[in-house]
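The sequence shown finishes on residue 523 if you use this note's numbering, and the numbering steps up by one all the way, no holes.
As structure tokens, the structure follows; a few thoughts come after it.
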Amino acid sequence: MGTLSVSIPTEVFFSILDSEDNTPVSGLNIKGFSDSGSSSLSEQYAHIATYQEADGTYLVTLPKYIYVSLSASLDLDDDGSADYEAENDDYQSGNNLYIEYANTLESETIYLQDIGAELLEIEIRVSLINETLEYLSEGQLLVDDEYNEDISSTYDELTQQHVLSIRMDYVEGNTISIDIPSFEQDDTLYESAVLRLVAEDGSIYIYASNEANNLSYSSPILDSLDILLELNPLAGDSNLEMVLEHFDESDSSYTVFYSEPVAIDSTSVSLVKDDVITVTPGDESDSDLVVAGSTLIEASDVAVGVDYILDLNNTRLKITPVVPLESNTDYTFDVGEVTTLADNVTEDISSDSYSITTDPDAFDIADLVLDNGNYYTNGEVIKTVNTAGEASTVTENSGSVRLYLPRSIETLENFTLKQSLITEDGVSETESEYFTIVSSGSVYLSDYLIVNVASNETVVNGSDWSYIRGTSLPNGSVYYRLTLYSGNFNDNTDDNENSMTFTYSYETLSGDIETGTITLPIM
């Protein structure tokens, strides 16, 4: 059965207080686990903290000498955003409260800051002027974000200010961008500008781009902010700049804000998937120049269809993919030549390009695969002939076992495995070997391209990828690989079990922790 750890129990008390008024924060679902059993049974062994109304503390019974961590979601209203954050970063992981070595706590007090209550409503009053101190009434202020959906300013004739009421989630570092598109007044065309309000150190810092005075200062948090902003007239020669860029995860769109009105041709707007791997077998086509009996690996950029809109007096360009972006994929948005409307100058500025890597799929422990790389699976040869129709002569042999892990391990903060049981040709024995797969968000393995070909196929690698052949994994897929040091094994079959059992513990980037046991057949 291996080694079992046991311990006497201990009662742990701790307080969780709102840092603003020192009142207890109740209603948190705080729990942890001290077992390493299967995930389906782990809830039976959960340690759940109960809230004590009498003194406003949490109480939980834990094993005194066994490491246990406790966690609880700080998103109390399940809207996807944390309602509190821990004042001490040691007690926070993502959107979760995280208490490490909870079994050693002694009447600890943890302070949380209520960030759900920090939504500010501020009236922004901006005086736009030119270099001769004339007020510019034709300008307009625009905001379009999570809390301010496509709102625009009004002009106060009495004060000669552009007035805009915004909502701001006051969390350290949060930013509101106020766009001021290029406009014309009294036969003079003025450059675009962007005002940025940034939450910093209990104040609001005010910055501006593309304005004459290099605006940068802080203000106390007030119900109304008065801002004076000088705008530059456009010079006779074009001085086109990108004032602001933004990628919106909700629709995968890329927005560019220019310093002056422009015209853009559809051929200047593009989105590509970067370095897409293609695995082309020799029997796929007569016109691809890949000869029979060989498989070619290549990597090249692939165009993705987009729609685009140019608005706000031709200063804002929004590019939106026509199909959903694939997970864990590199993409690049690019804008080529644009033409300024003021002086009909065509140029290609380098800054209006943007690269992203989309998030991987959520990790699933069931996606782990053991494979001995012997060109067989379940006792059957995977590819009987190569792409020239020549029979594979490979015979079934045992092979060195590797553990293959999906790229979704990139969504983990930490991931450890312990090899605990090996079954070879129906005979089981205990094993104890530890592996650190991910630590502090860094993956400690190399990834490889899977090429699923017959043993007598020639592989021509025209890419920078290292590849693996002989496995049961999908052709053209990418996996991380962990080498195990347990000798050579045959395939697992219905009549002859060959498998390995692991206990696992992993933590997602958002702070969720899972533990359990998994048995994997050798493919």
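All residues carry an ideal CB built from backbone N, CA and C; glycine is no exception.
Remember, predicted model here, so these are calculated numbers, not experimental data.
{"Asked": "When the Cα of I166 is compared with those of S428, V126, I115, which residue comes out closest?", "Found": "V126"}
{"Asked": "Please work out which residues of its chain come closer than 7 Å, Cβ to Cβ, to Q81, disregarding the five sequence neighbours upstream and downstream, and give them in chain order.", "Found": "First, the amino acid is wrong: residue 81 is Ser here, not Gln. Cβ within range, chain order: D75."}
{"Asked": "Please confirm whether T175 and A199 have their CB atoms less than 9 Å apart.", "Found": "yes"}
{"Asked": "In chain order, what residues of the same chain have a beta carbon less than 7 Å from the beta carbon of D226, not counting five sequence neighbours either side?", "Found": "R125"}
{"Asked": "In chain order, what residues of the same chain lie with their CB nearer than 6 Å to the CB of G441, ignoring the 5 residues before and after it?", "Found": "E413"}
{"Asked": "Would the beta-carbon of Y258 fall within 9 Å of that of V243?", "Found": "yes"}
{"Asked": "For I8, count the other beta carbons within 10 Å of its own beta carbon; 16 or more makes it buried, fewer makes it exposed. Which is it?", "Found": "exposed"}
{"Asked": "Give me, in chain order, the residues of the same chain whose beta-carbon lies closer than 6 Å to that of L195; leave out the 5 immediate sequence neighbours on both sides.", "Found": "I178, A208"}
{"Asked": "Between which two residues does the beta strand (DSSP E) containing G32 stretch?", "Found": "31–33"}
{"Asked": "Per DSSP, Y479 is paired with what?", "Found": "P406, Y448"}
{"Asked": "How big is the Cα-Cα spacing for Q140 and I151?", "Found": "11 Å"}
{"Asked": "For E298, which residues does DSSP report across the bridge?", "Found": "T278"}
{"Asked": "Among D288, N490, T329, P360, which residue has its Cα nearest to the Cα of D301?", "Found": "T329"}
{"Asked": "If you compare alpha carbons, which of I99, L473, Y91, H246 is closest to N378?", "Found": "L473"}
{"Asked": "Say whether the region 426–438 touches the region 483–499, bearing in mind that this needs 3 or more beta-carbon pairs closer than 8 Å, one atom from each stretch.", "Found": "yes"}
{"Asked": "Run the CB neighbour count on L62, radius 10 Å, all protein chains shown included, and call it buried at 16 or more, exposed below.", "Found": "buried"}
{"Asked": "How is the beta strand (DSSP E) around T109 delimited, first residue to last?", "Found": "108–114"}
{"Asked": "Compute the Euclidean distance between the alpha carbons of L215 and I129, then round it to the nearest angstrom.", "Found": "13 Å"}
{"Asked": "Please classify N103: does DSSP put it in a helix, a strand, or coil?", "Found": "helix"}
{"Asked": "Quick one: give me the first and last residue of the beta strand (DSSP E) that N414 is part of.", "Found": "412–424"}
{"Asked": "Going by DSSP, name the residue or residues bridged to K273.", "Found": "V302, Y331"}
{"Asked": "Could you tell me which uninterrupted beta strand (DSSP E) segments, each at least 3 residues in length, are contained entirely in the region 315–399, listed from first to last along the chain?", "Found": "316–321, 330–335, 338–340, 353–357, 369–371"}
{"Asked": "Alpha carbon to alpha carbon, what distance is there between T23 and Q185?", "Found": "56 Å"}
{"Asked": "Does the pairing of the region 459–479 with the region 289–306 give three or more beta-carbon distances under 8 Å?", "Found": "yes"}
{"Asked": "Taking G470 and G373 to be in contact with their CB atoms under 8 Å, please state how far apart those CB atoms are, rounded to whole angstroms.", "Found": "4 Å"}
{"Asked": "With DSSP collapsed to three states, give me the class of Y91.", "Found": "helix"}
{"Asked": "Contact between the region 441–459 and the region 348–368 is defined here as three or more beta-carbon pairs at a separation below 8 Å; is this criterion met?", "Found": "no"}
{"Asked": "Could you check the C-alpha separation between L234 and L136 for me, to the nearest Å?", "Found": "14 Å"}
{"Asked": "Less than 8 Å between the CB atoms is what I'm expecting for L310 and I264, so what's the real figure, rounded?", "Found": "6 Å"}
{"Asked": "Taking just the CA atoms, how far does Y98 sit from N88?", "Found": "11 Å"}
{"Asked": "Who are the near neighbours of K123 in its chain, counting only those whose CB is closer than 6 Å to its CB and skipping five residues on each side?", "Found": "Before going on, a small fix: residue 123 reads as Glu here, not Lys. Cβ within range, chain order: S165, S224."}
{"Asked": "Pull up the distance between the alpha-carbon of T515 and that of L403, whole angstroms please.", "Found": "18 Å"}
{"Asked": "Give me the Cα-Cα distance between T340 and N456, rounded to the nearest whole angstrom.", "Found": "59 Å"}
{"Asked": "Taking only the alpha-carbon atoms, compute the straight-line gap between S93 and Y101 and give it to the nearest angstrom.", "Found": "14 Å"}
{"Asked": "By DSSP's criteria, I129 is part of a beta bridge. Which residues make up the other side?", "Found": "Y135, E230"}
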